[in-house]
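Here the structure is laid out as structure tokens; the discussion comes afterwards.
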Amino acid sequence: MNVIVFASRKGGSGKSTLAAHLAAQIKSSKSCLLIDADPQGSLTLWHKLRGTNEPPIKTAVNSVSAIVSAARRDGVEWVLIDTPPTVSAVVEDAIKNATMVIIPARPGVFDVNAVQETIQTCRSARKPYAVVLNGAPARRDDAESPIVTIAREALAKFKAPVWGGQITNRADLLMALGQGEGVREYYAEGRAAAEIARLWAAIERSVRAIRGTVSANGAMHKQAA
Ligand SMILES: Nc1ncnc2c1ncn2[C@@H]1O[C@H](COP(=O)(O)OP(=O)(O)OP(=O)(O)O)[C@@H](O)[C@H]1O
Ligand SMILES: [Mg+2]
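The opening position of the sequence shown corresponds to residue 23 in the numbering used here, with each subsequent residue numbered one higher.
Encoded structure:
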């Protein structure tokens, strides 16, 4: 079983957004469980709008461990955990249970600076992690925005692995959430769906490398910016 934790002390970085879109990305044949460990309940709201209980969701307050253990016994393949923007017991517990931690960050100086604490928590727990630049300006003429490049340079100073792609700031991502959908379900041919698919492929690739079934070369949790 693979446990993907979305964590960042910075509010609004995209934890809940990425968790929802990636949950909808997981092929229905693979079993998936969502855990909403944030009392704000964003992922739970999306799940209510979805109205299908596919994938199922559980709420965690102080600890996720019991839910994760039960999911393992039930043979669940993927557990996606959304966490609050705090450094709290439930975030530490989620990271302790993680196969891999995804740290979304917007490409701004305050945002990039704020990921340091979450990186430290992952390092202390010896958990693989990767920063994912989210809400980025669109690439132009196949070149990334200077603010994305600056963010990568700042993250390189922390020696943090950073996903080589980006999730662009796109209305499709918001529109899909409002309908309880992932962007793949909302508009499969769109650019937002292509970026989410690419991020999911990178996560799957990293998880296989963490499990030792493929080489870690090029895996995003090894990729310093
Ligand atoms: N790539 C994106 N494009 C457009 N809107 C986005 C994108 N990423 C996030 N948003 C929007 O930005 C807002 C904040 O995102 P989100 O709620 O996912 O962040 P969060 O890290 O979960 O915040 P919190 O720490 O408060 O839980 C939401 O309205 C979300 O839909
Ligand atoms: Mg959230």
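Built from N, CA and C at the ideal position, the CB exists for glycine as well.
| task | Take Ala93 as the anchor and find which of Asn119, Glu166 and Val131 has the nearest alpha-carbon. | result | Taking the sequence shown and counting its residues from 1, one reaches residue 93 at position 71. Closest by alpha carbon: Asn119.
| Short Cβ contact (9 Å threshold) for Ser85 with Asp115 | Along the sequence shown, read from residue 1 onward, the residue named residue 85 stands at position 63. Along the sequence shown, read from residue 1 onward, the residue named residue 115 stands at position 93. Yes, these two residues count as a Cβ contact at 9 Å.
| said: For Leu155 and Asp164, what's the separation of their Cα atoms in angstroms? | reply: The sequence position of residue 155 within the sequence shown is 133, counting from 1. The sequence position of residue 164 within the sequence shown is 142, counting from 1. Roughly 17 Å separates the two Cα atoms.
| said: Would you say the beta carbon of Asp60 is closer than 8 Å to some non-hydrogen atom of ligand 2? | reply: Here residue 60 refers to the residue found at position 38 when the sequence shown is read from its first residue. Yes - ligand 2 has a heavy atom lying nearer than 8 Å to the Cβ of Asp60.
| request: Could you say which of Ala219, His243 and Trp222 lies nearest to Arg148 if we only look at CA atoms? | output: As a first step, residue 148 must be located in the sequence shown, where it is residue number 126. Of Ala219, His243 and Trp222, the residue nearest in Cα terms is His243.
| message | Can you list, in chain order, the residues of its chain with a C-beta nearer than 6 Å to that of Gly33? Leave out the 5 residues immediately preceding and following it. | response | Along the sequence shown, one-based indexing puts residue 33 at 11. Excluding positions up to five away in sequence, the list reads Pro107.
| request: Kindly indicate which residue of Lys37, Gln47 and Val27 has the alpha-carbon position closest to the one of Asp206. | output: As a position in the sequence shown, residue 206 is number 184, starting the count at 1. Note on residue identity: the sequence assigns Arg, not Asp, to residue 206. That would be Gln47, whose Cα lies nearest to the Cα of Arg206.
| message | Going by DSSP in three states, Thr121 sits in which element: helix, strand or coil? | response | What you label residue 121 is simply residue 99 of the sequence shown in a count that begins at 1. Three-state DSSP puts Thr121 in coil, outside helix and strand.
| Option in Ile125, Glu175, Ala111 and Gly186 with minimal Cα separation from Ser87 | As a working mapping, residue 87 is identified with position 65 in the sequence shown. It is Ala111 whose Cα lies nearest to the Cα of Ser87.
| query | Thinking C-alpha only, which one of Asp194, Leu177, Arg192 and Ala193 is nearest Gly186? | reply | By 1-based counting over the sequence shown, the position of residue 186 is 164. Among Asp194, Leu177, Arg192 and Ala193, the Cα nearest to that of Gly186 is on Leu177.
| Does the separation of the CB atoms of Val15 and Ser53 fall below 9 Å? | Outside the shown range of the chain (23 to 247) lies residue 15, about which nothing can therefore be said.
| message | Bridge partners for Tyr151 per DSSP, in chain order? | response | In the sequence shown, residue 151 corresponds to position 129, counting from 1. Val123.
| query | Using 8 Å as the threshold, is the segment 190 to 202 in touch with the segment 213 to 224, meaning 3 or more CB pairs across them? | reply | yes
| Tell me, which residues are paired with Trp100 by DSSP? | By 1-based counting over the sequence shown, the position of residue 100 is 78. Note: Trp100 sits in a beta bridge opposite Asn24 and Cys54.
| request: Could you check which residue in Ile89, Thr190 and Ala42 has the C-alpha nearest to that of Arg162? | output: By one-based count along the sequence shown, residue 162 stands at place 140. Comparing Cα-Cα distances from Arg162 to each of Ile89, Thr190 and Ala42, the minimum goes to Thr190.
| task | May I have the straight-line CA-CA distance separating Lys37 from Glu76, to the nearest angstrom? | result | In the sequence shown, counting from the first residue as 1, residue 37 sits at position 15. In the sequence shown, counting from the first residue as 1, residue 76 sits at position 54. Cα to Cα, the separation comes out at about 19 Å.
| Which one of Thr74, Thr81 and Ala41 has the shortest CA to CA distance from Asp60? | Indexing the sequence shown from 1 puts residue 60 at position 38. Measuring from the Cα of Asp60, the nearest candidate turns out to be Thr81.
| said: I'd like the list of long-range same chain contacts for Pro159, defined as Cβ closer than 6 Å, with 5 residues on each side in sequence excluded. | reply: As a first step, residue 159 must be located in the sequence shown, where it is residue number 137. Taken in chain order, the residues that qualify are Ser167.
| request: Pull every residue with its beta-carbon under 5 Å away from any heavy atom of ligand 2, and keep them in chain order. | output: Lys37, Ser38 and Ser64
| For Gly234, is the classification buried or exposed, using 16 other Cβ atoms within 10 angstroms of its Cβ as the cut-off for buried? | Stepping through the sequence shown from its first residue, residue 234 is reached at position 212. That one is exposed.
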